[in-house]
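Just below is one structure, and these are the notes that go with it.
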Amino acid sequence: MARIDVVMPQMGESIAEGTLSKWLKKVGDSVKRDEPLFEISTDKVDAEIPAPAAGVLAEIIVTEGQTVAVQTIVARLESDVNAKIEAPVSPAKVPAGAGAGAAPTAVTTVESAPAAMAAPASHGNGNGNGTGNGVGHGTPGSIEERLRTKSSPLVRRIAAEHGVEISSLHGSGISGRVTKRDLMQFLESGGAAKTGAPRGQMASSTPHLPLPEPWPGDRMEPMTKMRSLIADHMVASRHTSAHVSNFFEVDFTRVARIRAKHRAEFERATGEKLTYLPFIIKAVTEGLKAYPVVNAAVRGNQIIYRKPINIGIAVALDWGLIVPVIKNAENLSLTGLTRSLNDLANRARAKKLDPREVQDGTFTITNPGVFGSLVGTPIINQPQVAILCLGAIEKRPKVIAGADGEDTIAIRTCAYLSLSFDHRIVDGADADRFMAFVKRHIENAPDSVL
Numbered sequence: 000m001a002r003i004d005v006v007m008p009q010m011g012e013s014i015a016e017g018t019l020s021k022w023l024k025k026v027g028d029s030v031k032r033d034e035p036l037f038e039i040s041t042d043k044v045d046a047e048i049p050a051p052a053a054g055v056l057a058e059i060i061v062t063e064g065q066t067v068a069v070q071t072i073v074a075r076l077e078s079d080v081n082a083k084i085e086a087p088v089s090p091a092k093v094p095a096g097a098g099a100g101a102a103p104t105a106v107t108t109v110e111s112a113p114a115a116m117a118a119p120a121s122h123g124n125g126n127g128n129g130t131g132n133g134v135g136h137g138t139p140g141s142i143e144e145r146l147r148t149k150s151s152p153l154v155r156r157i158a159a160e161h162g163v164e165i166s167s168l169h170g171s172g173i174s175g176r177v178t179k180r181d182l183m184q185f186l187e188s189g190g191a192a193k194t195g196a197p198r199g200q201m202a203s204s205t206p207h208l209p210l211p212e213p214w215p216g217d218r219m220e221p222m223t224k225m226r227s228l229i230a231d232h233m234v235a236s237r238h239t240s241a242h243v244s245n246f247f248e249v250d251f252t253r254v255a256r257i258r259a260k261h262r263a264e265f266e267r268a269t270g271e272k273l274t275y276l277p278f279i280i281k282a283v284t285e286g287l288k289a290y291p292v293v294n295a296a297v298r299g300n301q302i303i304y305r306k307p308i309n310i311g312i313a314v315a316l317d318w319g320l321i322v323p324v325i326k327n328a329e330n331l332s333l334t335g336l337t338r339s340l341n342d343l344a345n346r347a348r349a350k351k352l353d354p355r356e357v358q359d360g361t362f363t364i365t366n367p368g369v370f371g372s373l374v375g376t377p378i379i380n381q382p383q384v385a386i387l388c389l390g391a392i393e394k395r396p397k398v399i400a401g402a403d404g405e406d407t408i409a410i411r412t413c414a415y416l417s418l419s420f421d422h423r424i425v426d427g428a429d430a431d432r433f434m435a436f437v438k439r440h441i442e443n444a445p446d447s448v449l
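Residue numbers (numbering that gives the first Met the number 0): 0 to 449.
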């Protein structure tokens, strides 16, 4: 029998740690190769990690809820020595052949091989990119240095905007990694002013409030990894962007008629359900072409106008919220948008998303209307500068002009759309023009849009 180390995989180049959220097998269980073995959470995605080989789960080293560095050994399998074992995957990247939705494979090392005994996996074996030899503690490019300064793009961006040198801070994360919470606490204490924040950037003066105490009969439980990350991300966004919202009522009656006319044929031809959301995404992509400042990002005192239009769609899960991204949405037809939307949403709920599929969004759409909400003011998904909220689409009595020019009351299918935007670079006039464009595009959707 050969013993195989199962390690925490690296879910993308910028990810340096992960939380083992759930074991799907217990010690003594037999597992098949590629059968889901455990679930992990990172600041990008939740995912099931498959077993690297067939065998028996001999030992669990990392328990549920623990956060460990990539390459840390989390378990060991015992496998028949004659069983075929995949060659180890470079720890720095998702497997090169992984297509959309492919689950990352846990890196394996066979215990009997001398190379596998060279160094504990938790210390890394190189400069973090799968090349080169091991380096000393704290050496630039080592896993320790990456954990401290390169594991979270959000932390690096906020630090850059406030003129904070991450390497000068003492972090509470693994190997001294500076977390978002560490950075926000530093800024709230006035640290940005001490390190010389760039012009236009000010440290937060939010006071530290007393913690609430549990009362008799209350139930307390720790936040899940995903909930904790969402909380940090939302607070960081409020600290970063100047949030403003506008509201437009949009008449979806024409879109409703187009759906009713083509729905059966569309579903037979594509196997996909035709909802209102692809029509909205299509209108948004055209609007972002016309008003590129809404498809931008802020880098200190500079504005980055994004060339691709990558639309993030907020998907509510039983255990949190995730935002898969439709890449290059401007190049997709309504049929292509429908297929991408349904595929990403389904795999998000099944924890089958690739980490790259929740990255690089340039604009986000959230749809609380499916739960009956009429209107909302969502928080911007950093580092984007705007997010669109879709309220419930429902029939309402409206006053419209009749054929003879007289006003009449008619039943129309309507919804409220709101836009939360970053007033640092998006002026109210531009936000209103963008929303008026989206409104016109939806209300005058061509019948040949499919």
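C-beta atoms are modelled at their ideal positions from N, C-alpha and C, and glycine is treated no differently.
For residue i versus residue j, is the C-beta distance shorter than 8 Å?
i: L287; j: I308; result: yes
i: R75; j: E63; result: no
i: E442; j: V283; result: no
i: V293; j: V177; result: no
i: D45; j: K350; result: yes
i: A391; j: A428; result: no
i: F246; j: V374; result: yes
i: R262; j: A444; result: no
i: S227; j: S419; result: no
i: F278; j: G311; result: no
i: D421; j: A289; result: no
i: A295; j: L316; result: no
i: S20; j: E38; result: yes
i: I60; j: V69; result: no
i: I321; j: M233; result: no
i: A159; j: G54; result: no
i: P49; j: P35; result: yes
i: A230; j: I280; result: no
i: W318; j: M225; result: yes
i: I491; j: L343; result: The structure shown has nothing for residue 491, since the chain only spans 0 to 449.
i: T337; j: E285; result: no
i: R439; j: V297; result: no
i: V437; j: L416; result: yes
Just reading off the beta strand (DSSP E) that residue i is part of, what are its end residues?
i: F246; result: 242 to 250
i: P35; result: 35 to 40
i: V283; result: From DSSP, V283 is part of no beta strand (DSSP E) but of the alpha helix (DSSP H) over 276 to 289.
i: V292; result: It is not in any beta strand (DSSP E) - V292 carries neither H nor E in the DSSP assignment.
Which residue or residues does DSSP assign as beta-bridge partners of residue i?
i: T365; result: C388
i: R395; result: R411
i: L416; result: F247, L389
i: Q450; result: In the structure displayed, the chain extends from 0 to 449; residue 450 sits before or after that span and is not available.
Considering just the uninterrupted stretch of the alpha helix (DSSP H) at residue i, what are its terminal residues?
i: A235; result: 224 to 239
i: V6; result: Looking at the DSSP string, V6 is not in any alpha helix (DSSP H); the run it does join, the beta strand (DSSP E), is 1 to 6.
i: R451; result: Residue 451 lies beyond the range of the chain shown here (0 to 449); nothing can be said about it.
Mapping the DSSP letters down to three states, classify residue i as helix, strand or coil.
i: I308; result: coil
i: P51; result: coil
i: V322; result: coil
i: I424; result: coil
i: S20; result: strand
i: T71; result: coil
i: A402; result: coil
i: Q184; result: helix
i: T66; result: strand
i: E271; result: coil
i: I379; result: coil
i: A57; result: strand
i: V314; result: strand
i: D359; result: coil
i: D429; result: helix
i: D45; result: strand
i: E164; result: coil
i: V254; result: helix
i: V30; result: strand
i: E77; result: strand
i: R218; result: coil
i: N330; result: helix
i: V454; result: Absent from the structure is residue 454, since the part of the chain shown begins at 0 and ends at 449.
i: E212; result: coil
i: P354; result: helix
i: V374; result: coil
i: N124; result: Note that N124 scores 36 on pLDDT, short of 50, meaning its location in the model is unreliable; the coordinates nonetheless yield the value given after this. Residue state, collapsed to three classes: coil.
Any heavy atom of the ligand GDP inside 7 Å of the beta-carbon of residue i?
i: K438; result: Among the ligands in the structure shown, none appear at all, so the ligand GDP cannot be discussed.
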